[in-house]
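A quick write-up on the structure given underneath.
2 protein chains.
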Amino acid sequence: MGDDRARLNLKSLARHLDLSITTVSRALRNGPEVRKETIERVQKAAAELGYVRDVGGLTLRTGLSYSICVLMSAVPPDDIADTGSVGLLQGVHEVAQAAGYAVTAVPLAPGADPIDALKTIIDGRRADGLIFDHTLPMDPRVRFLLERDFPFVTFGRTELFTPHAWFDIDDEDATYRASQHLLASGYRRICLINPPAEFMFSQYRLRGYRKALTEAGIDIDPRLILDLDLTARRTRASVKDLMLQESPPDAFICVNDITSLGMMTGLRDIGLDPADFGFCASTTTRLIEYVEPTPVSFYFPLQEAGRRLTRLMLRRLEGETDITHLQELATAEMHVPTRR
Amino acid sequence: MGDDRARLNLKSLARHLDLSITTVSRALRNGPEVRKETIERVQKAAAELGYVRDVGGLTLRTGLSYSICVLMSAVPPDDIADTGSVGLLQGVHEVAQAAGYAVTAVPLAPGADPIDALKTIIDGRRADGLIFDHTLPMDPRVRFLLERDFPFVTFGRTELFTPHAWFDIDDEDATYRASQHLLASGYRRICLINPPAEFMFSQYRLRGYRKALTEAGIDIDPRLILDLDLTARRTRASVKDLMLQESPPDAFICVNDITSLGMMTGLRDIGLDPADFGFCASTTTRLIEYVEPTPVSFYFPLQEAGRRLTRLMLRRLEGETDITHLQELATAEMHVPTRR
DNA sequence: TCTTCGATCAATATCGATTTTGATGAGCCT
DNA sequence: AGGCTCATCAAAATCGATATTGATCGAAGA
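Next comes the structure, spelled out in structure tokens:
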């Protein structure tokens with residue numbers, strides 16, 4: 010192709026088309042002031058020549074970067090804490106791409122201040138909107154963004170008074186159904202393996218568990234509620250510990266794929282067979298389909314979560330002002346493994 | 010803090026400090042024309058007021074965005090193909106951050122043209138450098154970037170004549186040692202579960218396997234070499250298939266954590282016990298420590314790969330011109346599971 | 001005393017896209 | 001012919017950071 014020495018920008022594109030910069034700029038954005046045929050001609054030429062608009066220029070002028078940023082939670086080194094985050098990212102990408110937005114992911118270093126990361130993104134004008142997970146009841150990130158009036162959607166709810174956009178999986182429902190399922194199978198000492206108590210979804214999970222047990226007339230034993238970080242290693246150690254104490258559990262409800270693995274390995278470490286225990290897990294990947302025994306799982310794929318989060322984000326960016334329309338709760342699907 | 014109505018930019022920062030824009034701009038970059046005390050004063054004020062430089066303005070003027078972009082390979086929906094990519098991202102972030110670079114991750118949609126993605130990033134000036142994996146012998150992305158003279162580091166080698174920066178794990182060595190280990194344990198029909206044959210690392214893995222078998226005087230049976238996509242589902246099905254044919258394998262060498270799971274589940278599907286087979290795997294996470302039986306693994310953490318890739322990238326961006334200094338091969342560490 | 005140097009200044013240009021302003025011509029209606 | 005709309009124009013301003021130029025001013029050196 011004609012590879013001129015000069016960079017391909019609006020100016021050279023306009024010259025090439027024998028149109029004014031104004032018209033080309035408008036035509037590329039389907040401006041109503043431009044004739045349909047001209048729009049077509051301009052867009053065709055732009056595609057053929059491979060014109061890509063310079064984000065620098067665009068951002069500087071408009072303050073928009075046409076990109077959505079996903080904050081990725083930190084992973085402890087040398088342990089597994091996460092699977093499928095790329096799935097989430099891809100779900101985001103899928104929807105964002107179609108709307109002309111690029112996707113950016115910023116990993117957070119463990120222990121780093123998330124607000125600093127937000128500042129860099131917002132003040133540096135690196136993104137038009139933010140998506141992040143693991144919300145806290147009084148999430149400082151949410152507060153900060155509300156104060157700055159910067160568009161965001163959280164994966165998870167908060168307890169803040171000011172409403173904001175969120176998408177969430179109904180964890181209360183999942184642990185409620187999981188508990189009921191285990192109770193119906195005759196288990197009475199059900200261990201809830203939960204994320205750190207400060208996370209919102211930890212509290213919802215506890216609520217569903219309590220509700221089911223209370224309805225069944227069973228006392229809650231606080232020793233059976235483990236608030237752990239979301240790593241396999243920690244879960245493994247804690248489960249081992251728990252099993253060696255008095256009146257150990259006979260069933261487990263795990264918060265995700267990875268803690269499920271950790272729990273099972275913890276049991277095996279002390280000579281116990283996971284198959285002898287009741288076992289339910291919330292999952293966002295199909296990982297547990299590949300381990301033995303396969304638990305009853307409550308599945309909501311991260312990729313779909315990414316899509317939903319992004320649809321909400323796009324509506325927010327397009328100016329939806331009624332925030333309550335940007336809140337969405339999804340129910341996990343129950344998967345019962347087929348006996349082999 | 011003093012939240013003026015005006016945005017905090019160089020101009021307002023300069024006014025606040027009673028210095029000229031020129032001096033502030035230089036001071037922020039430790040320019041040699043500025044007194045040490047002034048530099049300190051400027052940087053202190055910038056930190057206090059939370060000044061973040063606008064990427065738009067910077068990019069527009071200098072062409073630099075101070076960000077490094079990682080291309081993330083596509084994940085097939087509703088299957089597991091990947092763990093630990095966030096680890097890689099975090100390794101990249103860790104090193105990049107310290108050098109003042111932001112990190113961006115762009116997921117590729119399955120089936121999308123990667124060159125389009127590259128164009129958007131390069132022509133849109135969205136990043137200063139690119140990192141990506143799963144190289145092909147004549148990788149079109151590498152060719153494209155070489156032609157454009159855009160900085161990049163690949164995770165994996167190529168067979169292109171023009172040298173380029175890469176980091177790679179020595180897969181040939183890993184499969185060679187794995188094969189030797191299995192042979193020494195008496196296994197004779199070793200199945201190599203490989204990624205698609207077009208990937209460079211597939212070829213290296215095959216080479217190590219061939220070498221060990223040939224040295225042991227064992228004929229290569231092409232039916233024992235499976236070139237599969239990197240998903241658990243596909244591996245599971247293919248292993249099942251293979252086991253039902255004549256003279257099935259007695260041992261497996263898996264390309265990663267996920268195909269290991271798929272393989273084991275495939276065996277279980279038809280009533281076989283994975284523990285009865287020889288089993289080695291290359292891994293980039295500790296996932297397989299949590300499954301039974303735990304294979305002998307050849308481990309190189311993705312997070313460390315991310316760090317190394319980024320160090321090479323930074324040296325490239327700082328102007329290292331001798332590309333052969335930007336090529337690095339790492340050896341995976343052998344982990345033998347402790348018997349329980 | 002004259003020169004040089006170091007640290008700073010103000011003013012201006014530049015990067016690319018968008019936006020505004022006011023103008024121009026062509027075609028249409030009355 | 002006069003008025004109007006539509007599609008387009010050229011020119012200039014703007015966003016924020018950097019780079020360049022030539023000037024200033026005090027202190028140090030010859």
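Heads up: the protein sequence lines correspond to chains A and B, in order.
So for the first sequence, our numbering puts the first residue at 10; every next one is plus one.
So for the second sequence, our numbering puts the first residue at 10; every next one is plus one.
All residues carry an ideal CB built from backbone N, CA and C; glycine is no exception.
Judged by beta-carbon spacing, residue 19 (chain B) lies within the 7 Å limit of residue 34 (chain B), meaning their Cβ atoms are closer than that value. Taking a beta-carbon distance threshold of 7 Å, residue 109 (chain B) does not count as an interface residue toward chain A. Here the alpha carbon of residue 64 (chain B) sits roughly 31 Å from the alpha carbon of residue 331 (chain A).
In this structure, the beta-carbon distance from residue 201 (chain A) to residue 218 (chain A) falls below 7 Å. By the rule that beta-carbons nearer than 7 Å mark a contact, residue 65 (chain A) touches chain B. Contact of residue 102 (chain B) with chain A by beta-carbon distance below 7 Å involves 116, 118. Using a Cβ-Cβ cut-off of 8 Å, residue 310 (chain A) is close to 86, 87 of chain B, given in chain order. For residue 225 (chain B), none of the residues of chain A pass the 9 Å Cβ criterion, the least Cβ distance being about 31 Å. Around the beta carbon of residue 39 (chain B), fewer than 16 other beta carbons sit within 10 angstroms, so the residue counts as exposed. According to DSSP, residue pairing for residue 236 (chain A) in a beta bridge involves A:203. Under the 7 Å criterion on CB atoms, residue 81 (chain B) is classed as interfacial with respect to chain A. At a C-beta separation below 7 Å, residue 301 (chain A) has these neighbours in chain B: 277. Close to chain A, meaning a Cβ-Cβ distance shorter than 9 Å, are the following residues of the region 44-63 of chain B: 59, 60, 61, 62, 63. Under the DSSP definition of a beta bridge, residue 336 (chain A) partners with A:175.
Contacts with chain A at 7 Å (Cβ-Cβ) include residue 95 (chain B).
Using a CB distance below 7 Å, the part of the region 260-272 of chain A facing chain B consists of 270, 271, ordered along the chain.
Residue-level contact by beta carbon fails for residue 293 (chain A) and chain B, as no gap is shorter than 7 Å. Considering only A:88, A:22, A:253, A:267, the residue with the shortest C-alpha distance to residue 58 (chain A) is A:22.
Between residue 102 (chain B) and residue 95 (chain A), the alpha-carbon positions lie close to 16 Å from each other. Contact between residue 276 (chain A) and residue 248 (chain A) holds: CB atoms are separated by about 6 Å, below the 8 Å threshold. Each residue's CA atom was taken as its position, placing residue 139 (chain A) and residue 169 (chain B) some 39 Å apart.
Less than 7 Å divides the Cβ of residue 109 (chain B) from the Cβ of residue 75 (chain B). Not a single CB atom of chain B sits nearer than 7 Å to the CB of residue 253 (chain A). Rounded to whole angstroms, the gap between the alpha carbons of residue 188 (chain B) and residue 36 (chain B) is 58 Å.
For residue 23 (chain B), not one C-beta of chain A is nearer than 7 Å to its own C-beta.
Taking the Cα positions, residue 83 (chain A) is about 32 Å away from residue 286 (chain A). Contact between residue 206 (chain A) and residue 236 (chain A) holds: their C-beta atoms lie close to 4 Å from each other, under 8 Å.
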